[in-house]
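Numbering (my numbering), first residue to last: 6 to 221.
Notes follow the structure.
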Amino acid sequence: MKLYELTLSPFAARVRLALRLKGVACEMEPPQGGSTRSPEHLALNPIGKIPVLVTDEGLAIAESETIIDYLEDTFPALSLTPQGPALRAQMRNAIRTFELYAYPALTRLFGQLNPATRDAAAVAAEVAQCRAGLALTEKFVDDATFAVGGAPSKADCMLLPSLLLCDVIAGMLGIEDMLSGCPQLASYRAKARLHPEMGAVWDETSAALQARAGGG
Numbered sequence: 006m007k008l009y010e011l012t013l014s015p016f017a018a019r020v021r022l023a024l025r026l027k028g029v030a031c032e033m034e035p036p037q038g039g040s041t042r043s044p045e046h047l048a049l050n051p052i053g054k055i056p057v058l059v060t061d062e063g064l065a066i067a068e069s070e071t072i073i074d075y076l077e078d079t080f081p082a083l084s085l086t087p088q089g090p091a092l093r094a095q096m097r098n099a100i101r102t103f104e105l106y107a108y109p110a111l112t113r114l115f116g117q118l119n120p121a122t123r124d125a126a127a128v129a130a131e132v133a134q135c136r137a138g139l140a141l142t143e144k145f146v147d148d149a150t151f152a153v154g155g156a157p158s159k160a161d162c163m164l165l166p167s168l169l170l171c172d173v174i175a176g177m178l179g180i181e182d183m184l185s186g187c188p189q190l191a192s193y194r195a196k197a198r199l200h201p202e203m204g205a206v207w208d209e210t211s212a213a214l215q216a217r218a219g220g221g
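Below, the structure written as structure tokens:
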């Protein structure tokens, strides 16, 4: 298998984390043609984004959550699905709550990163919306190393890189930690980062993002 990705991408980090937690080997390469808009990359993923997983059979799979689901179906012995319907529902609620109620505001903040064109009122509104979504997400996340049920799950793969993105956006905007009002979610973030695989993915993604921000 081959994963087309960039280390600085939190979305690619979701898949890299799933691969590491599952112990599945996979080649890593940047997008073909040097860009997600290149003809070569668009032939694999017409959405024009990363990551993209290409299987040994030549199947190209787009979107981080879809890729993780494929890995779960293909390598079920090293499961990232909690045991029992209650924990599986908690995992899905944690993921979906962030995606629906925190992530949209977070993405809109990308348009406010340039200080020269920044709208302070818009930033305040979007930050408030993101924090409200994070507060809802917190209700489905354990105060533990793993988000759900005391074991690695898809929730960790989806959430931890997203929390890194929250940190990055807050730093670029010069605002308080997005999780300042979410002590349980902040505690999960701190504990998860001490896990060897989760901490390594956080650190390598953060370092790549900082290098890009600094022009390195």
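C-beta atoms are modelled at their ideal positions from N, C-alpha and C, and glycine is treated no differently.
Just so we're clear, the structure is a prediction, and the values are computed from it rather than from any experiment.
Separation of L190 and F103 (C-alpha to C-alpha, rounded to the nearest whole angstrom) is 12 Å. Pairing S43 with K144, the inter-Cα distance amounts to about 41 Å. Cβ-Cβ distances below 8 Å link I100 to E70, K159, A160, M163, L164 in the same chain, with the five nearest sequence neighbours on each side left out; the list follows chain order. For the options L47, G63, D74, the alpha carbon positioned closest to that of K27 is the one of D74. Cβ neighbours of V29 within its own chain (closer than 7 Å, five residues either side excluded): L76, F80. The three-state secondary structure of L58, taken from DSSP, is strand.
Cβ contact annotation for T210 (same chain, cutoff 7 Å, sequence separation greater than five): T12, L13, P15, A18, P166, L169, in chain order. Less than 8 Å separates the beta-carbon of L22 from that of M203. For E77, the three-state secondary structure derived from DSSP is helix. With a 10 Å radius around the Cβ and a threshold of 16 neighbouring Cβ atoms, I52 comes out exposed. Only residues of its own chain outside the window of five on either side were considered, and among them T150 have a CB closer than 6 Å to the CB of H200, listed in chain order.
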